[in-house]
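Chains as they are written, first to last, in our numbering: chain A, 370 to 715; chain B, 370 to 715; chain C, 370 to 715; chain D, 370 to 715.
No residue lacks a Cβ here, since even glycine has one placed at the ideal position from N, Cα and C.
Bear in mind the structure is a predicted one, so any value in this text is a computation, not a measurement.
See structure below.
There are 4 protein chains.
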Amino acid sequence: MNRYIFWSDYQNGAHPAVLSRMGKLNQTPLAGYGEDEISAAAREKLREACHCPDGEVFFLTGGTQTNAVVLDALLAPYQGVVAADSGHISVHEAGAIEYGRHKVLTVPHKDGKVTAQAVEQLCSAYWEDGNRAHMVMPGALYISQPTELGTLYTKEELTALRRVCDRYDMRLYLDGARLAYALACGLNDVYLSDLSRLCHVFYVGGTKCGALLGEAVVIPEPGLMPHFFTMVKQHGALLAKGSLLGIQFDALFTNGLYTRIGFPAIVLANQIRYCLKENGFHQPIISPTNQIFVTLSHSQQERLSETVGFGFWEKVDEDHDIIRLVTSWSTTPEMVDGLCMALETL
Amino acid sequence: MNRYIFWSDYQNGAHPAVLSRMGKLNQTPLAGYGEDEISAAAREKLREACHCPDGEVFFLTGGTQTNAVVLDALLAPYQGVVAADSGHISVHEAGAIEYGRHKVLTVPHKDGKVTAQAVEQLCSAYWEDGNRAHMVMPGALYISQPTELGTLYTKEELTALRRVCDRYDMRLYLDGARLAYALACGLNDVYLSDLSRLCHVFYVGGTKCGALLGEAVVIPEPGLMPHFFTMVKQHGALLAKGSLLGIQFDALFTNGLYTRIGFPAIVLANQIRYCLKENGFHQPIISPTNQIFVTLSHSQQERLSETVGFGFWEKVDEDHDIIRLVTSWSTTPEMVDGLCMALETL
Amino acid sequence: MNRYIFWSDYQNGAHPAVLSRMGKLNQTPLAGYGEDEISAAAREKLREACHCPDGEVFFLTGGTQTNAVVLDALLAPYQGVVAADSGHISVHEAGAIEYGRHKVLTVPHKDGKVTAQAVEQLCSAYWEDGNRAHMVMPGALYISQPTELGTLYTKEELTALRRVCDRYDMRLYLDGARLAYALACGLNDVYLSDLSRLCHVFYVGGTKCGALLGEAVVIPEPGLMPHFFTMVKQHGALLAKGSLLGIQFDALFTNGLYTRIGFPAIVLANQIRYCLKENGFHQPIISPTNQIFVTLSHSQQERLSETVGFGFWEKVDEDHDIIRLVTSWSTTPEMVDGLCMALETL
Amino acid sequence: MNRYIFWSDYQNGAHPAVLSRMGKLNQTPLAGYGEDEISAAAREKLREACHCPDGEVFFLTGGTQTNAVVLDALLAPYQGVVAADSGHISVHEAGAIEYGRHKVLTVPHKDGKVTAQAVEQLCSAYWEDGNRAHMVMPGALYISQPTELGTLYTKEELTALRRVCDRYDMRLYLDGARLAYALACGLNDVYLSDLSRLCHVFYVGGTKCGALLGEAVVIPEPGLMPHFFTMVKQHGALLAKGSLLGIQFDALFTNGLYTRIGFPAIVLANQIRYCLKENGFHQPIISPTNQIFVTLSHSQQERLSETVGFGFWEKVDEDHDIIRLVTSWSTTPEMVDGLCMALETL
C-alpha cells in the first residue's frame with residue numbers, strides 16, 4: 370500500500386533540471402572553491418534576477434551555516450541580532466549564533482513575523498538607556514520570508530522594517546530558506562528586486578527549493594562584508610568542490626525555474642487547506658505558503674499515519690497536537706489526493 | 370585541441386556509481402538530518418569496513434569543517450592541537466581552529482609527516498615546564514594520511530604516535546581527506562581496521578575520493594564525544610538533506626568501491642613520475658600517492674600550460690617553481706598519455 | 370554644603386581593616402599569581418567559613434569576569450545557562466556569556482528570583498522536545514543572592530532549585546556579589562555552609578562588600594572544574610599580583626569581619642525604608658537588603674539631588690521614575706540622617 | 370637571617386605615593402566604571418605625558434587581559450597578529466589570543482625583538498600567495514618594550530616596524546608592561562611621545578611599575594576602536610570600582626613620577642650585572658633594563674638560594690640553568706649589596 374509523505378520540503382533529492390545539469394557536467398574539470406566559470410555564470414544570473422548588477426553572490430551549503438556566517442560578518446563584536454522569539458536562530462540552531470559570540474535579542478512575534486513597532490521599541494529602549502554601554506547593541510535584524518510559520522511579509526511591512534533599521538543604523542538580513550514558496554504565492558507582493566532594494570543581505574534558499582543543497586547569499590551593495598570569502602572558509606563553510614553549488618543555482622536560475630518551481634507546492638497546499646476546512650478540521654495557524662498546520666487528536670494521528678507521513682509541530686493538550694504537512698516542488702496531485710482521501714475518512 | 374587537466378582531485382563531479390545511486394533515490398522521501406535509513410545503512414557499512422562494530426559515524430560536508438568540529442569536540446577549552454607546521458590546519462584553513470578558540474601547536478614536519486620524537490619533545494617540554502599552567506596544554510595530535518605532501522605514515526609510525534598520545538593523555542585524530550589514495554597505494558600498510566585501532570577519531574574522505582562532497586567521521590569507541598550531533602549543528606555543519614551524504618557513502622562502501630576507487634590514480638601517478646624521471650625532471654618531493662611535484666622553469670610552465678592544466682605549489686627561485694599534478698579516480702590513461710607527450714617535448 | 374551619596378555599594382575604597390592589612394604587607398615580597406602564603410591562608414579561612422574543608426577557592430577581580438569564566442568552565446560547548454530575564458548576565462554584562470559562546474536561556478523572574486517551577490518547566494520542555502538535539506541544552510542555573518532587586522532566596526527555595534538542577538543534571542551557580550548584605554540581614558536563613566551544601570559553585574563578593582576589588586570563587590567539591598587556573602589565565606582574568614586579592618580576603622575573613630561587615634548597611638537601609646513609608650513614598654520593590662527603591666516625580670528628584678546622590682533605576686511614566694538608593698559597609702548614620710531630612714521636606 | 374628577594378617586579382605592593390593617594394581618597398564617593406573625576410584627571414595627565422591631546426585612555430587590570438581585549442578590538446575576524454615566537458602572547462598567555470579567535474603568526478626573534486625584515490617577509494609571503502584567501506591575514510603587529518628578554522627597541526627600529534605596518538595596512542600595538550624600566554634606562558631613545566607617534570595603540574604598564582594593578586591603554590588617534598568600553602565589559606575586564614585604577618595612574622603621572630620610578634631598578638640592575646661580570650659569571654642574555662640573566666650550576670643555585678630569592682628561566686644542560694633576577698622600583702641598595710656579597714662567595 371502507498372504512503373503519502375509530507376514530512377518536509379527537504380525530503381527529496383533535486384529537481385530534474387538540476388540533477389540533469391549536474392550529470393552533464395560531472396566529467397568536466399572545474400576550478401575549486403567556487404572559482405569556476407559555471408559558478409560565475411550562476412552568480413551573474415542571480416544578479417540579473419535580483420536586479421542588483423553590482424551585487425556580490427556567495428554559495429553556502431545550509432541555512433544555519435549561512436545565518437551564522439553572515440551574521441558574524443555583519444555584526445561588530447559588541448553587537449547582537451534582533452529576531453522573533455519564534456525565529457529559527459533563536460531556538461532551533463543549537464546556539465550557532467552564540468557560538469559566533471553574538472547575542473540573539475528576541476522580540477515577540479505576530480503570526481511568526483517581527484513588527485516594525487516591536488523592533489522600534491527594543492531599539493529605542495536600548496538607545497535611551499543610560500547603561501547601554503553595558504548592554505548588547507542591536508546591530509542587525511533577522512527575519513525570514515516565508516517565516517517559520519509559513520506567513521509572508523508584505524512589501525509595506527518590509528519597507529517599515531527597513532526604515533527602523535536605517536533609523537538605528539542596523540543591517541536588515543532576510544533568510545530565504547523557503548523563498549521560492551513565497552515567490553510562487555499569489556498573495557505575495559515582495560519580489561527578488563524588492564529584496565535587493567530593501568535588504569542589506571538576503572539568501573535565496575536552494576536546499577528546500579529544488580537543489581540537493583545550497584543557499585545563495587546576495588549582497589546587493591558590494592563591499593558590505595569585506596573578506597567574506599575568508600570568513601566562509603574560517604567557519605568551515607567553504608566547499609572544495611564549490612562548483613557543485615554553482616551548477617545547481619545555474620540550473621535553478623535558467624529560464625526562470627526558481628520563480629516557477631514553487632507553483633505546485635502552493636496550489637497543492639491550498640487544496641489541502643481547502644479539504645481540511647471542508648472537513649471541519651481546526652487550522653491553528655494559517656499560512657499562505659507550503660506549510661499546513663492542523664490540530665489532531667492522538668487517535669486521529671494514529672489513523673492518518675497509516676497512509677500519510679506528517680510531522681509533529683507542538684503539543685496542544687493531553688490528547689491533541691498540532692501537526693505539520695509540507696508540500697514542495699516534488700509534491701504530486703496524486704499525493705494530495707491520497708492525503709485528502711485519508712483526511713476525509715479520519 | 371584537447372587539454373589535460375591535473376589541477377586537483379576535486380575538479381570533477383562524482384564517481385558514476387555514486388551519481389547513479391543518487392539518481393535512483395532522487396524521488397524517494399527520506400528523513401532529514403541524516404536520520405534516514407540509507408544513512409543508517411551507510412554508517413553500518415563503514416563500521417564493518419573499519420572493523421569497529423560499536424563505532425559512531427557522522428557525515429559532514431568538507432575537510433576544514435570536519436577538522437574544526439572534531440577538534441572542538443575533542444579538546445577542552447584550555448587545550449590546543451599539535452600539528453605539523455606544514456599541516457592543513459596550521460596554514461590553509463583561514464584560522465578555523467583558532468575560530469574554535471584552540472591554538473595550533475606546531476612541530477617541524479619531516480617529508481610532511483609528524484614524528485613521534487617531535488611530539489614527545491613538545492609534550493615533555495610542556496609537562497616539565499613549571500609555568501605550564503600559563504600555557505596551552507597539548508590535548509590532541511592532528512595528522513593526515515596521506516599528508517599534505519602525499520606521503521604515508523607506516524603502521525609502525527602510527528603506532529609510535531599513538532604511544533606518545535597515550536603517554537600524554539592526548540587524542541589522536543587523523544584527517545583522511547585523500548584516504549582512498551593511501552588505501553590504493555602498494556606501499557601502504559595501514560588499513561581501515563588499523564585506523565580504528567590506532568586513532569581516537571578519523572575521517573574517511575569523500576570529496577576528493579569519488580563523492581560530490583562529504584566526509585565520514587569515525588569514532589571507534591562510542592561516547593568519546595557526547596552530543597556531537599548538536600555540536601555539528603552548532604557549527605552550522607548539519608545538512609537538512611543529510612541523506613545526500615549517506616547515499617554517497619553507501620555507494621562508496623558497497624562492494625568495496627572505496628578501497629578500489631583510488632587504483633587508477635595511483636597507477637597513473639606512477640606512470641607520470643616514471644616519465645618525469647626518464648626525462649630528467651627534478652622531483653623535489655617524492656610522494657607514493659596521487660600528487661606529483663616537479664620543478665619547472667617559467668618558460669617550461671608556459672609551454673606545458675598550452676595542453677596541460679596543473680597547479681602552482683611553491684616558488685623555488687626567480688626562474689623556477691615547484692608545480693603540482695594531481696591524479697584521481699577520474700583520471701584516464703588518455704589524459705596521462707597527453708601529459709607525458711607534453712612533458713617529453715618540453 | 371554637604372551631600373549624602375547613595376549611588377552604589379562600590380562608590381568607596383576599602384574597609385579600614387582591609388586597607389590596613391594591605392599597607393602592612395606592602396613591602397613584603399610575595400609570590401605571583403595567587404601562589405603566595407597570604408592567599409593560601411585566605412583560601413583556608415574561606416574553606417573554614419564555608420564549611421567545605423576540601424573545597425577549592427580562586428580569587429578573581431570582578432563579577433562579570435567571574436560569571437563568564439565560571440560558566441565557561443561549567444558548561445559543555447553545547448550547553449547554555451538558565452537565568453532570570455532580569456538577571457545581570459542576561460542584560461547588563463554586554464554579552465559576556467555569549468562571548469564565551471553560551472546562550473542565556475531566560476525564565477521570567479518573580480521579585481527578581483528564579484522559581485523552581487519556572488526552571489522545571491524550561492527543562493522539561495527541552496527534554497521532552499523531539500528536536501532537542503537542535504536546541505541548546507540547559508547545563509547550569511545562574512542565580513544571585515541577593516538578587517538584582519535585593520531580594521533573598523530562602524533555604525527552602527534554594528533547596529528546591531538544587532533539586533531541579535539534580536533532576537536535569539545541571540550545575541547550580543550562585544553569584545554572591547552582594548553576599549555580605551544577605552548574611553547581615555535578619556530575614557536571611559541561608560548561611561555560607563548552606564551555599565557549600567546546595568551550590569556546585571558560588572562566589573563570595575568582595576568588590577561591593579568591603580574590598581577594593583575581588584571575588585572569591587568557592588567550589589565545594591574539588592575537581593569539578595579541572596584546570597580552572599589556566600582558564601582564568603586564558604580569559605585574561607589572572608592577576609600577576611594575585612596576593613592583592615588574597616590579602617583583602619584574608620582581612621575580610623579574619624575574626625568574622627565578612628559576616629559583620631554588612632550590618633550598618635542593613636540597619637541604615639531599614640531606617641531609610643521606614644522613613645520613606647512614614648512619609649508616604651511609594652516603594653515599588655521591597656528588598657530586605659541594602660537596596661532601596663522609591664518612585665519620585667521629576668521635580669522631587671531635582672530637589673532631592675541638591676543634597677543627596679542617588680541612581681536612576683527605571684522610568685515609570687512621563688513624570689515619574691523609580692530611583693535607587695544603596696547603602697553599604699561605609700554608610701554612616703549621619704548620611705542617613707541627612708537623607709531622611711531631605712526626604713521629609715521633599 | 371635576611372633574604373634578598375629578586376623574584377619579579379610584581380612581588381611588592383604599590384609605590385608609597387600611590388598607596389598614600391589611595392588612602393586619602395578611600396572614603397570619597399566616586400562614580401563607578403572609571404567615570405569618576407579622578408580617572409578623568411588621570412586620563413588627561415596621560416594624554417599630556419604622551420603628547421596626544423586627543424587620545425583615548427582606558428584603564429584595565431592586567432597585561433594578558435589588555436592584550437586580549439585590544440587585539441580583539443583591533444583585528445577583523447579574519448585577521449591574526451604577528452608576534453615574536455618568544456613573545457608573551459605566543460607562549461605564556463594560555464591561548465588568550467586564540468580564545469578571542471585570532472591566530473598568533475610568529476616570526477623568529479632577535480634578542481627578544483621582532484625585526485622589520487622578518488615582518489616584511491611574513492607579510493610579503495602572505496600577500497604574494499595566490500591562496501591567501503584561505504590563510505589568516507596579518508592585521509596587527511605585537512611588540513613589547515622592553516621585550517620579554519629586557520631588551521629595547523631603538524627609535525629607528527620602531528620607525529622601521531611602523532613603516533612595514535603601514536605598507537601592509539597593519540596596526541602596531543606595543544605592550545608596555547615594564548615601560549617605566551625602558552623610560553628610566555640611559556640607553557633608551559624612545560619616549561612616550563614617540564610611542565604616541567609611532568604606535569596605533571600601546572599600553573603604559575602599572576602592575577610592574579609601582580601600581581597595585583592596572584594598565585593604561587593609550588589610543589593616540591581617537592575613534593580607532595569604537596565602543597571599546599563595551600568590549601572591555603564584554604571581556605569581563607571592566608572594574609565596577611574603576612576609580613581604583615584611575616587613582617593609581619593619577620599618582621603615577623603626578624610630578625612625572627612614572628618616568629622616574631624605574632631609576633633605582635636600572636641603577637641597581639647595572640650594579641648586579643657589573644658584579645656578575647667581575648666575578649666571572651656567564652650572562653647569556655644582556656638586557657639593559659631591570660632583568661638580569663645568569664647561568665648557574667645546580668649547586669650554585671642551591672647555595673645562592675640560602676640568602677637570595679631568584680627565578681628559574683630556562684634549562685641549559687643537565688647541570689646548569691639560566692636563572693633570572695629582577696629589580697624594580699622597590700629594590701633597595703641593601704638588597705643588592707646582600708645579593709652581590711652572596712654572588713662573590715658562591
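Segment limits, alpha helix (DSSP H) that includes residue 412 of chain B: 406-418
Residue 556 of chain B: which of B/458, B/596, B/411 and B/656 sits nearest, CA to CA? B/656
Residue 646 of chain C to residue 688 of chain C span [Cα, whole Å]: 21 Å
Do residue 441 of chain A and residue 590 of chain A have their C-beta atoms closer together than 9 Å? no
Bridge partners - residue 328 of chain A, DSSP secondary structure assignment: The displayed coordinates of chain A run from 370 to 715. Any statement about residue 328 of chain A would go beyond what the structure contains.
Could you tell me the distance, in whole angstroms, from the CA atom of residue 433 of chain A to the CA atom of residue 708 of chain C? 56 Å
Can you name the residues of chain C whose CB is closer than 8 Å to the CB of residue 467 of chain A? 449, 467, 470, 471, 472 and 505
Looking at the structure shown, is residue 513 of chain D part of a helix, part of a strand, or coil, going by DSSP? strand
Would residue 429 of chain A and residue 503 of chain D qualify as a contact pair, given that the criterion is a beta-carbon distance under 9 Å? No, these two residues do not count as a Cβ contact at 9 Å.
Buried or exposed for residue 470 of chain B, please, with buried defined as at least 16 other CB atoms from any protein chain shown within 10 angstroms of its CB. buried
Tell me, please, whether the CB atom of residue 398 of chain D is closer than 9 Å to any CB atom in chain C? yes
From the DSSP output, read off the bridge partner residues of residue 710 of chain C. BP columns for residue 710 of chain C are empty, so no partner.
List, in order along the chain, the chain B residues whose C-beta lies closer than 8 Å to that of residue 376 of chain A? 398, 400 and 401
Enumerate, from N- to C-terminal direction, the unbroken alpha helix (DSSP H) stretches of 4 or more residues contained entirely within the stretch 539-591 of chain C. 548-552 and 561-567
Residue range of the unbroken alpha helix (DSSP H) whose run includes residue 640 of chain C: 632-647
Would you please verify whether the beta carbon of residue 499 of chain C is less than 9 Å from any beta carbon of chain A? yes
Grab me the residues of residue 452 of chain D's own chain with a C-beta within less than 8 Å of its C-beta, minus the 5 sequence neighbours each way, in chain order. 458, 459, 473, 474, 475, 476, 483, 510, 511 and 512
What is the DSSP secondary structure of residue 722 of chain C, reduced to helix, strand or coil? The structure shown does not extend to residue 722 of chain C, since chain C spans only 370 to 715, so no value can be given for it.
Taking DSSP as the reference, what is the three-state secondary structure of residue 391 of chain B? helix
Would a check of beta-carbon distances place residue 594 of chain D closer than 9 Å to chain C? no
I need the DSSP call for residue 507 of chain A, collapsed to helix, strand or coil. strand
Between the C-alpha atoms of residue 609 of chain C and residue 642 of chain D, what's the straight-line distance to the nearest angstrom? 26 Å
Cutoff 6 Å; reference residue 401 of chain D; Cβ partners in own chain excluding five residues on either side: 609
Flag this pair as touching only if the stretch 656-666 of chain C and the stretch 514-523 of chain C have three or more C-beta atom pairs under 8 Å; answer yes or no. yes
I need the DSSP call for residue 619 of chain D, collapsed to helix, strand or coil. helix
Please confirm whether residue 405 of chain B and residue 634 of chain B have their CB atoms less than 9 Å apart. no
Measure the alpha-carbon distance for residue 547 of chain A versus residue 636 of chain A and round it to whole angstroms. 16 Å
Residue 604 of chain B versus chain D: which residues are under 9 Å apart at the beta carbon? What residue 604 of chain B touches in chain D: nothing, since even the nearest Cβ is about 14 Å away.
Using three-state DSSP, classify residue 496 of chain A as helix, strand or coil. It is helical.
Pull up the distance between the alpha-carbon of residue 444 of chain B and that of residue 390 of chain B, whole angstroms please. Taking the straight line joining both Cα atoms gives about 37 Å.
Contact set for residue 531 of chain D: own chain, Cβ-Cβ below 6 Å, skip 5 residues either direction: 541 and 567
Expressed to the nearest angstrom, what Euclidean distance is found between the alpha-carbon atoms of residue 325 of chain D and residue 456 of chain B? A query on residue 325 of chain D cannot be resolved here, the shown segment of chain D reaching from 370 to 715 and no further.
Below 8 Å on the Cβ atoms is my contact criterion, and I expect residue 598 of chain B with residue 587 of chain B to pass it. Report the Cβ-Cβ distance as a whole number of Å. The pair is not a contact, with the Cβ atoms about 15 Å apart (cut-off 8 Å).
Taking C-beta to C-beta, are residue 468 of chain A and residue 604 of chain B nearer than 9 Å? When the beta-carbon positions are compared, residue 468 of chain A and residue 604 of chain B come within less than 9 Å of each other.
I'd like to know whether the C-beta atoms of residue 602 of chain B and residue 584 of chain A end up nearer to each other than 9 Å. no
Contact set between residue 445 of chain D and chain A, taken where Cβ atoms lie within less than 8 Å: 595 and 596
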